[in-house]
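Those protein sequence lines, which keep their order, are chains A and B. With the UniProt record's numbering, letter number 167 in the first sequence gets 167, and the count goes up by one each step, no holes. With the UniProt record's numbering, letter number 15 in the second sequence gets 15, and the count goes up by one each step, no holes. We treat Cβ as the ideally placed atom computed from N, Cα and C, and that holds for glycine. The structure appears below as structure tokens.
There are 2 protein chains.
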Amino acid sequence: MAEKPSRRDQILTAAAELFARHGFHGVGIDDIGAAVGISGPALYRHFRSKDAMLGEMLTSISERLLDGGQARVDAASSASEALRELVGWHVDFALDDPALITVQMRNLANLTDPDRRRVRALQRRYVEVWVETIRRTVPDFDEPTARAAAHAVFGLINSTPHSAHLDRDQMAALLSRMALASLTPVVVTS
Amino acid sequence: MAEKPSRRDQILTAAAELFARHGFHGVGIDDIGAAVGISGPALYRHFRSKDAMLGEMLTSISERLLDGGQARVDAASSASEALRELVGWHVDFALDDPALITVQMRNLANLTDPDRRRVRALQRRYVEVWVETIRRTVPDFDEPTARAAAHAVFGLINSTPHSAHLDRDQMAALLSRMALASLTPVVVTS
DNA sequence: GCCTTAGGTAAACGGCTGCTAACCTCCCGG
DNA sequence: CCGGGAGGTTAGCAGCCGTTTACCTAAGGC
Numbered sequence: 001m002a003e004k005p006s007r008r009d010q011i012l013t014a015a016a017e018l019f020a021r022h023g024f025h026g027v028g029i030d031d032i033g034a035a036v037g038i039s040g041p042a043l044y045r046h047f048r049s050k051d052a053m054l055g056e057m058l059t060s061i062s063e064r065l066l067d068g069g070q071a072r073v074d075a076a077s078s079a080s081e082a083l084r085e086l087v088g089w090h091v092d093f094a095l096d097d098p099a100l101i102t103v104q105m106r107n108l109a110n111l112t113d114p115d116r117r118r119v120r121a122l123q124r125r126y127v128e129v130w131v132e133t134i135r136r137t138v139p140d141f142d143e144p145t146a147r148a149a150a151h152a153v154f155g156l157i158n159s160t161p162h163s164a165h166l167d168r169d170q171m172a173a174l175l176s177r178m179a180l181a182s183l184t185p186v187v188v189t190s
Numbered sequence: 001m002a003e004k005p006s007r008r009d010q011i012l013t014a015a016a017e018l019f020a021r022h023g024f025h026g027v028g029i030d031d032i033g034a035a036v037g038i039s040g041p042a043l044y045r046h047f048r049s050k051d052a053m054l055g056e057m058l059t060s061i062s063e064r065l066l067d068g069g070q071a072r073v074d075a076a077s078s079a080s081e082a083l084r085e086l087v088g089w090h091v092d093f094a095l096d097d098p099a100l101i102t103v104q105m106r107n108l109a110n111l112t113d114p115d116r117r118r119v120r121a122l123q124r125r126y127v128e129v130w131v132e133t134i135r136r137t138v139p140d141f142d143e144p145t146a147r148a149a150a151h152a153v154f155g156l157i158n159s160t161p162h163s164a165h166l167d168r169d170q171m172a173a174l175l176s177r178m179a180l181a182s183l184t185p186v187v188v189t190s
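Structure, rendered in structure tokens:
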């Protein structure tokens with residue numbers, strides 16, 4: 001009935017925390033082991049290598065992000081609702097898993113080549129979901145502009161690990177508001 | 001008349017580029033040397049250690065950011081002008097030195113303890129300049145909210161290295177517009 | 001015309017770290 | 001009962017990498 005987080009997952013989340021704080025190369029195999037109560041090389045019963053841990057971590061994040069985002073957009077009944085849903089989804093993700101978001105932002109370069117290709121492909125598709133949604137609600141953005149805007153919004157939302165001084169709900173409200181406002185074109189009223 | 005970038009500075013900018021791309025631990029002393037045409041340990045004629053390079057790099061960035069930001073705010077004649085100036089200043093910095101911005105975002109954890117203390121102190125003061133300016137233009141933000149908003153804007157602007165598909169001026173205009181819009185409170189008109 | 005100094009080199013060392021090897025110990029199905 | 005797999009352990013190896021050392025050369029000041 002209760003979920004037993006299968007050792008692999010324990011290790012993955014502990015490693016994510018450590019990678020986020022100290023960087024991939026700043027964390028030793030022994031540190032990761034210690035974080036889950038086993039020591040050092042026992043990790044190799046569960047993962048082929050340290051690189052494989054990072055690889056699995058990042059591909060799973062990217063898949064979850066893409067799937068969740070796509071689902072929200074598909075379920076939305078209007079373009080502006082889709083955008084609100086997308087923002088809310090990404091904000092929730094960033095607030096619930098700050099370590100994963102941090103690792104994804106900072107440690108792409110530490111992946112092996114094949115892993116990096118996979119992750120980048122997934123990320124590109126996620127960005128594309130955003131680009132399409134943005135262009136449907138902000139028609140005066142051309143595609144490159146929409147893409148740059150999407151990256152900027154990611155930066156805004158992903159900044160969350162650096163400022164944990166508000167409680168979760170206030171933070172979610174603030175980030176959503178700012179993200180949506182940043183995408184609202186200047187209304188030339190006067 | 002012409003500036004001769006004193007070897008030290010050559011090394012520093014080359015190292016910044018490499019640190020930004022591969023992370024501090026992902027770059028070897030030999031790589032840095034090779035990037036400026038000398039090889040390996042010759043760097044120790046100019047720096048006490050690899051850590052010292054990162055330390056000098058980050059303190060100088062933080063000082064430049066703080067000084068420039070403070071100067072812009074002091075020279076502004078209104079609160080909203082101060083905020084526009086601050087945004088413009090940070091955007092220019094991020095666009096002109098993407099490598100430095102990236103290193104500052106990602107590699108704080110790799111500093112030695114005394115260096116980290118110094119850099120954090122400078123960063124805190126820079127954030128404080130933003131917080132005060134934001135609160136003067138958005139009075140309904142309390143201090144923690146303003147601080148979180150400042151970090152979010154940093155994230156937005158600093159996202160620039162991840163999306164170089166627009167030319168400099170368009171990018172500057174887009175980021176400034178988005179940053180200012182994100183700080184504009186929802187106008188409750190209806 | 002020397003001697004210092006700045007700036008470079010190649011070689012070697014020492015510690016850290018990812019990974020392997022060899023071994024142990026439950027636990028469980030037949 | 002007992003044999004085997006799952007999941008630990010410690011010891012050790014191999015390679016990388018920051019740093020030191022010893023040495024070399026060119027460029028000036030006295």
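Quick check on residue i - is its C-beta less than 7 Å from some C-beta in chain B?
i: A/ARG106; result: yes
i: A/SER62; result: no
i: A/HIS22; result: yes
i: A/PRO144; result: yes
i: A/MET57; result: no
i: A/ALA109; result: yes
Give the straight-line distance between the Cα atoms of residue i and residue j, rounded to the nearest whole angstrom.
i: B/ALA79; j: B/GLU132; result: 10 Å
i: B/LEU111; j: B/GLY37; result: 26 Å
i: A/TYR44; j: A/ARG125; result: 32 Å
i: B/SER49; j: B/SER62; result: 20 Å
i: A/GLN70; j: B/VAL129; result: 39 Å
i: B/ARG72; j: B/VAL138; result: 19 Å
i: B/ASP169; j: B/ALA76; result: 23 Å
i: B/ALA14; j: B/ALA121; result: 26 Å
i: B/LEU58; j: B/ALA52; result: 10 Å
i: A/GLU85; j: A/ASP113; result: 33 Å
i: A/VAL87; j: B/ALA172; result: 23 Å
i: B/GLY68; j: A/PRO98; result: 31 Å
i: A/PRO41; j: B/ILE29; result: 29 Å
Helix, strand or coil for residue i per DSSP?
i: A/ASP142; result: coil
i: A/ALA164; result: coil
i: A/VAL187; result: Reliability fails at A/VAL187, whose pLDDT of 47 lies under 50, so the model's placement of it is uncertain and no value is given.
i: B/HIS90; result: helix
i: A/ASP9; result: helix
i: A/VAL27; result: coil
i: A/GLY37; result: coil
i: A/HIS151; result: helix
i: B/ASN107; result: coil
i: A/ASP169; result: helix
i: B/THR112; result: coil
i: B/HIS22; result: helix
i: A/SER80; result: helix
Quick test of your reading: residue i and residue j, contact by CB under 8 Å. State the CB separation rounded to the nearest angstrom.
i: A/VAL91; j: A/LEU108; result: Actually they are not in contact, since the Cβ atoms of A/VAL91 and A/LEU108 sit about 21 Å apart, beyond 8 Å.
i: A/GLY155; j: B/LEU156; result: 5 Å
i: A/LEU100; j: A/ALA16; result: 5 Å
i: B/SER159; j: A/HIS151; result: 5 Å
i: B/SER161; j: B/THR102; result: In the sequence as presented, Ser is not what sits at residue 161 of chain B; that position holds Pro. Yes, they are in contact, since the Cβ atoms of B/PRO161 and B/THR102 sit about 5 Å apart, within 8 Å.
i: A/ALA148; j: B/LEU174; result: 6 Å
If you measure from the beta carbon of residue i to each beta carbon in chain A, is any gap under 7 Å?
i: B/ILE155; result: According to the sequence as given, residue 155 of chain B is Gly; it is not Ile. With 7 Å as the cut-off, B/GLY155 counts as an interface residue toward chain A.
i: B/THR137; result: no
i: B/SER80; result: no
i: B/LEU174; result: yes
i: B/THR184; result: yes
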